[in-house]
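Using the numbering used here, read the sequence shown as starting at 1262 and increasing by one per residue.
No residue lacks a Cβ here, since even glycine has one placed at the ideal position from N, Cα and C.
Below you'll find the structure, written out as C-alpha cells, and then a few comments.
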Amino acid sequence: MRILLVASSFNSLTQRVLVELRDRGHTVPVEVTPDGAAVREAVARHAPDLVVAPMLKAAVPRDVWTAHRCLIVHPGPVGDRGPSSLDHAVLDGAEEWGVTVLQADEEMDAGDVWASETFRVPEVGKSDLYRNELSDAAVAAVLLAVERVAAGATPRAQTGEIRARPALRQEERRISWGEDTTETVLRTLRAADSQPGVPDRLLDAEWFLHGGHAEDGLRGRPGTLLATRAGAVCRATVDGAVWIPELRARTGPGGPRACKLPATLALAGRLPELPELPAPVDPAPGRRTWSDIRYREQGPVGVLSFAFPGGAMSTDQCRRLLDAYETARGRPTSVLVLGGQRDFFSNGIHLNVIEAAADPAAESWANINAMNDLVEAVLTTTDRLVVSAIGGNAAAGGVMLALAADEVWCRSGSVLNPHYRRMGLYGSEYWTRTLPGKVGEALAARLTEEARPVSAAASLDMGLVDRVVDCGPGEFAAEITRLALHLASRGGLQPRIAAKKAEHERRESVAPLAAHREQELSRMRAIFEDPAASYHARRRAFVRKEAPERRSRTAQVRERADRPTVKQDLGQK
1262 MRILLVASSF NSLTQRVLVE LRDRGHTVPV EVTPDGAAVR EAVARHAPDL VVAPMLKAAV
1322 PRDVWTAHRC LIVHPGPVGD RGPSSLDHAV LDGAEEWGVT VLQADEEMDA GDVWASETFR
1382 VPEVGKSDLY RNELSDAAVA AVLLAVERVA AGATPRAQTG EIRARPALRQ EERRISWGED
1442 TTETVLRTLR AADSQPGVPD RLLDAEWFLH GGHAEDGLRG RPGTLLATRA GAVCRATVDG
1502 AVWIPELRAR TGPGGPRACK LPATLALAGR LPELPELPAP VDPAPGRRTW SDIRYREQGP
1562 VGVLSFAFPG GAMSTDQCRR LLDAYETARG RPTSVLVLGG QRDFFSNGIH LNVIEAAADP
1622 AAESWANINA MNDLVEAVLT TTDRLVVSAI GGNAAAGGVM LALAADEVWC RSGSVLNPHY
1682 RRMGLYGSEY WTRTLPGKVG EALAARLTEE ARPVSAAASL DMGLVDRVVD CGPGEFAAEI
1742 TRLALHLASR GGLQPRIAAK KAEHERRESV APLAAHREQE LSRMRAIFED PAASYHARRR
1802 AFVRKEAPER RSRTAQVRER ADRPTVKQDL GQK
C-alpha cells in the first residue's frame, strides 16, 4: 500500500511509524507540513492509498479527508479530545492512558475509531513517555488500523464518555513553591519537561524549567536553591526538594528563542555560591535522588548507565562519562554494559550548548574531541567485553558511540539514525572504521548518504546491532542485566576476549585509530570554522525552533562536498 505520512515535524513518533510501515513492505513517503494547505499539496503530489498523520498540529482540509481516507493518531484514549492530552495525563497522575487512531472529520479528535491501545503510565517525563510507552501503543494501533483498512473493514463511531479539554495555558503550569508538595511539583515539571517548559521566576529573571527529579535528602525554605550537581540545580519544596536539570531563558516577543541549557550554565553569573554535591555512591534503600551517570555491579557484570536530557552530550558530560568509564574499567568485571536505561541512548554533541557558546566553532571542536575521547576509550578496551545497550533512540555520534562496543543490543522500539547529514556534518567518533566494520562499506555509504531512520528489526537484519530485546521500556534495564550475566557465564568468554585483543592489535598495525580520527576531524574542523557552512544555520534553526534559511547554491555545493564517504585517505581508495 502507498501510505503518505503527514506531520508537523519529523519527530520520534513520525520516524517510528515510518520505519515500522516500511519494514512491512509499504511504500511510505513523508511530508512535513506546516499547515492544511501544505497537506492538500502533499496529497495531490503523492496520490496515496492512505494518509496517516502521526503528529499533526494543523487540521486536515475537508476536501482532503472527504476524497482520501485520512487517519489521525491522537495521544489519548477513545473519547479524549484536545491538543494537551498527554500533558493532562501526566499532570493529573493518570495510571493508565491510551492512544487512538481516528478517521479525520470536521471536529478535531471526533472521527470514527479505527484502532486504539492502552498503556501503563510510569513516573517519567512526558517526552520519555511519548517516545516509549505511547510510541509502542501508537505503532500497534497504526499497524492494526492499516490492516483493517486493507481488509475493507469499517471504523466504529465514538461512544461513551467524551472528554474535551482545551490546550493547557502556560499560566496553568506555574508552580506555587510555597504551597505545592514535591509530588505536585514533579507532576507539573514532568508534564512540560521537553516542551513547553514550566514558566517561573528565579534569581530575578524569567525562565522555563525543564525536567524534574525528586530529592529526599535535602531540605530548605520552599523555592530556594540548595545545591548543584552535574549542571542541575536542587530547589526546595514544602516537603522536600527537586532537581531541575535544564532551564531556558524567557525572551520577549520578537526576540530569538533562547537555548535550553544545563541549569547552572543558564544561570551563570546569577547563581549564588552553592555546594556541588556528588551523587551518593550507595543511596539508602528507597531514597530518591538524581544523577545523570550511575554505575552498578552484579557479579562479573558492570553496568554504566547514563541519561542526558534529549540525548545530547556536552563537552562536560562527555568528560564526566569518560571519567566514570575509566573507573568502571578498573573494576574486576568481565562484561561491561554501557547504557541500559530507558529512553535516549545518545544523539551525539550538544547543539544547544554549542549554539549558546561565545564561540560556537570552538565549542563544536571541544565537544567533538570529547566525544572522540570517550569512543576511543571504548574501542581500546581489550580486557573485557563491552556491550552497548540502547533502550531508546540514538542518532549521529550516539550511534557511533554504541558501535564502539563489541556487541550492540537495542530495545525493539528503538529507532537509529546512523548519519550526520541532516545537520550538515561529515561526522566523527571513528565512524569510518566502526560503521563499515558492522555493515560493510556499501551499506555504510548508503546509510550515511540517504540519512534515513532505521528500525530495531532492520538494524538487526543489516548487522548494525547484534541483538533486539523485545520488552517494554520499564523492563529494559533488568532484561539487559540478565542477558549480560548470561553472556558472562558462558564458556569461551576469556578466549573471545583474547581474540578481541589480538584483532585490535592487528587492525592498529594496518589502519590505526589515530589515522581515522585525524581524517574525520580535519573534515569536521573545516566545517566548524567555515561561517558559510550549512551546519551553523541548521544548528541555529534546530536549537531555536526556527525555519532554516534557504541556502545559496554555493552552500549546497559545499554541503555535497562534505557528505560522508566511507573510502578516505587511509590507503583504502
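Residue burial is scored here from C-beta neighbours: Asp-1324 has fewer than 16 other C-beta atoms within 10 angstroms and is therefore classed as exposed. For Leu-1782, the enclosing alpha helix (DSSP H) starts and ends at 1774–1789. With a cutoff of 8 Å on beta-carbon distance, Ser-1689 and Leu-1782 are scored as near each other.
Sequence-distant Cβ neighbours of Thr-1550 in its own chain, meaning closer than 8 Å and more than five residues away, are His-1474, Ala-1475, Glu-1476, Asp-1477, Gly-1478, Trp-1504, Ala-1540, Pro-1541 and Pro-1544. In the DSSP assignment, the residues bridged to Phe-1469 are Pro-1460 and Arg-1509. The region 1614–1622 makes no contact with the region 1661–1677; the number of CB pairs closer than 8 Å stays below 3. With contacts defined by Cβ atoms closer than 8 Å, Asp-1454 and Lys-1387 form a contacting pair. For Ser-1273, the secondary structure class from DSSP, reduced to helix, strand or coil, is helix. Secondary structure within the region 1691–1717: the alpha helix (DSSP H) runs of 4 or more consecutive residues, fully enclosed, are 1692–1700 and 1702–1711 (chain order). From the listed residues Leu-1487, Thr-1512 and Asp-1500, the smallest Cα separation to Pro-1533 is found for Leu-1487. Contact between Val-1339 and Ser-1377 holds: CB atoms are separated by about 5 Å, below the 8 Å threshold. A buried status is given to Val-1598, since no fewer than 16 other beta-carbon atoms sit within 10 Å of its beta-carbon. For Arg-1728, the three-state secondary structure derived from DSSP is strand. In this structure Ser-1345 is not in contact with Leu-1447, their Cβ atoms being roughly 18 Å apart against a cut-off of 8 Å.
Between the alpha carbons of Asn-1678 and Phe-1606 lies a gap of roughly 12 Å. A check of alpha carbon separations from Gly-1572 across Thr-1288, Ala-1655 and Val-1289 identifies Ala-1655 as the nearest.
In summary, Glu-1507 is buried, with 16 or more beta-carbon neighbours lying within 10 Å of its beta-carbon over all protein chains present.
In the pairwise beta carbon analysis, the region 1751–1763 is classified as not touching the region 1731–1739: fewer than three pairs are separated by under 8 Å.
With respect to the 8 Å criterion, Pro-1714 and Val-1660 are not classified as neighbours on the basis of their beta carbons. By the neighbour-count definition (other C-beta atoms within 10 Å, threshold 16), Ser-1437 is an exposed residue. Just so you know, the alpha carbons of Thr-1576 and Leu-1635 end up roughly 11 Å apart. In this structure His-1471 is buried. Its beta-carbon is surrounded by 16 or more other beta-carbon atoms within 10 angstroms.
Between the alpha carbons of Leu-1279 and Leu-1266 lies a distance of about 8 Å. Taking C-beta atoms under 8 Å as the contact rule, Val-1360 and His-1329 fail to qualify, at a distance of about 22 Å.
When Cβ pairs closer than 8 Å are counted between the two stretches, the region 1679–1686 is seen not to touch the region 1281–1291, the count staying below three.
Under the three-state reduction of DSSP output, Gln-1559 falls in the strand class. In this structure, the alpha-carbon of Asp-1341 lies about 30 Å from that of Arg-1285. One alpha carbon belongs to Gly-1601, the other to Leu-1450, and they sit about 24 Å apart.
With fewer than 16 other beta carbons inside 10 angstroms of its own, Thr-1288 counts as exposed. Under a 10 Å Cβ-count criterion, Arg-1392 is classified as buried, with 16 or more other Cβ atoms of the shown protein chains found around its own Cβ. The region 1773–1788 and the region 1698–1707 do not touch, with fewer than 3 CB-CB distances between them shorter than 8 Å. Residue range 1346–1352 is occupied by the alpha helix (DSSP H) that includes His-1349.
Shortest Cα-Cα distance from Leu-1464 to any of Arg-1531, Glu-1790 and Glu-1711 involves Arg-1531.
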